[in-house]
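2 protein chains.
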Amino acid sequence: MLRGAALRVTRPRVAVLSAVHAHPHADTESIIGAVRRELPRVSHQAVYDVLRALTAASLVRRIEPSGSVARYESRVGDNHHHVICRSCGLLADVDCAAGAAPCLTASDGQGFSIDEAEVIYWGLCPDCSTA
Amino acid sequence: MLRGAALRVTRPRVAVLSAVHAHPHADTESIIGAVRRELPRVSHQAVYDVLRALTAASLVRRIEPSGSVARYESRVGDNHHHVICRSCGLLADVDCAAGAAPCLTASDGQGFSIDEAEVIYWGLCPDCSTA
DNA sequence: CCATAAACTTGACTCATTCCAGAAAAGCGG
DNA sequence: CCGCTTTTCTGGAATGAGTCAAGTTTATGG
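Structure below.
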């Protein structure tokens, strides 16, 4: 995957990429933890750099919900969205409501050339909902 | 407006509320600046507190786009969304594509009880688009 | 196997936002 | 209009995710 994106294959990069695949929606802190279980000597700076490089190469996607730190996921390019629980912060994937990339059509784009529509559904997860 | 929300009417609150109405999509720093033009002695803490109270009372709405600081706007309750320019950060309002609150229906809500759908369109503003 | 550009380490630093504790002001019943 | 209670404001310090910079190491193409 890294070579396919014209990125050098280094141990930290492989470890970060695996961690993101193994822990979807993990925040940076968790990823650093997961990476250090394999490579105890990586700096947090390296993880930040790698995550930025992977995001720029579209190998991972960065999500940054209001009131939360940045999280990363490995599902890319499939135009899916997210639901977040207002109470416990649980984050889940949701497939796009109307097919491929419907949300790209705003009724009035103000003259902007839009390339992505990001949708976040807010509510309560099943557990918090019954409680 | 403040009384209607059962909030005490204080000078800082009035000033903050006016500032948000006068400068849509302003960040906290700008709001502090605008407020101090009228009331030079308000602390930044007061502005933060007031903004939180106003947000909780739904008199203003807080928006927190990725890679940006929190911004506030006075349009509330009309289910509108936002377009953001990837290049210059310009933020504009967009009315909801399909009427009242269409985005509330996710194809598969994972069992969540959803109460809001937040949509952010990313792209280039007219100016950055031509440049 | 070598040169070189890209990636990593270390440690300090930024900056939005929050926490704290004491001082001040608003609103209410009288 | 007056005190009392509650809420809000002030000022300063703290938090913490994320960034910067300089020097060292490492992957890769020839």
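Here the protein sequences come in this chain order: A and B. At the far end of the first sequence sits residue 410, using the numbering used here, and the numbering has no gaps. At the far end of the second sequence sits residue 410, using the numbering used here, and the numbering has no gaps. Here a beta-carbon is modelled for each residue, glycine too, at the ideal position from N, C-alpha and C.
Am I right that residue i and residue j are in contact with their C-beta atoms under 8 Å? What's the rounded C-beta distance?
i: V295/B; j: V329/B; result: 5 Å
i: S353/B; j: V339/B; result: 6 Å
i: A371/B; j: D306/B; result: The pair is not a contact, with the Cβ atoms about 15 Å apart (cut-off 8 Å).
i: H300/B; j: S309/B; result: No, H300/B and S309/B are not in contact; Cβ-Cβ is about 13 Å, not under 8 Å.
i: F391/B; j: P405/A; result: 7 Å
i: L403/B; j: S366/B; result: 6 Å
i: A284/B; j: A336/B; result: 4 Å
i: Y400/A; j: H360/A; result: 7 Å
i: V314/B; j: A396/A; result: About 34 Å separates the two Cβ atoms, so there is no contact after all.
i: P291/B; j: L318/B; result: 7 Å
i: I311/A; j: V326/A; result: 5 Å
i: Q389/B; j: V362/A; result: 6 Å
Taking residue i as the query, report the chain B residues whose CB atoms sit under 8 Å from its CB, ordered along the chain.
i: C364/A; result: F391
Taking residue i as part of the alpha helix (DSSP H), name the residues at either end of that continuous run.
i: R290/A; result: 290-301
i: V398/A; result: No alpha helix (DSSP H) contains V398/A, which is instead part of the beta strand (DSSP E) from 392-403.
i: E343/B; result: Run containing E343/B: none; DSSP gives neither H nor E here.
i: R239/A; result: Absent from the model: residue 239/A. The displayed extent of chain A is 280 to 410, so no value can be given.
i: H323/A; result: 323-335
Quick check: does the Cβ of residue i come within less than 7 Å of any heavy atom belonging to the ligand FAD?
i: C364/B; result: The ligand FAD is not part of the structure shown, which contains no ligands of any sort.
Check the Cβ of residue i against every Cβ in chain B and list those closer than 9 Å, keeping chain order.
i: S408/A; result: G390, F391, S392
Which residues bound the beta strand (DSSP E) around residue i?
i: L370/A; result: 370-373
i: H360/B; result: 360-364
i: R350/A; result: 350-352
Run down chain B in chain order and give the residues with a C-beta less than 7 Å from the C-beta of residue i.
i: I399/A; result: E397
Please compile the residues from chain A whose C-beta is within a distance smaller than 9 Å of the C-beta of residue i.
i: P405/B; result: Q389, G390, F391, S392
i: G402/B; result: G388, F391, S392, I393, D394, E395
| query | Listed from N- to C-terminal order along the chain, which residues in the segment 340-355 of chain A have their beta-carbon within a distance smaller than 9 Å of any beta-carbon of chain B? | reply | Hits within the stretch, in order: R341, I342, E343, P344, S345, G346, A349.
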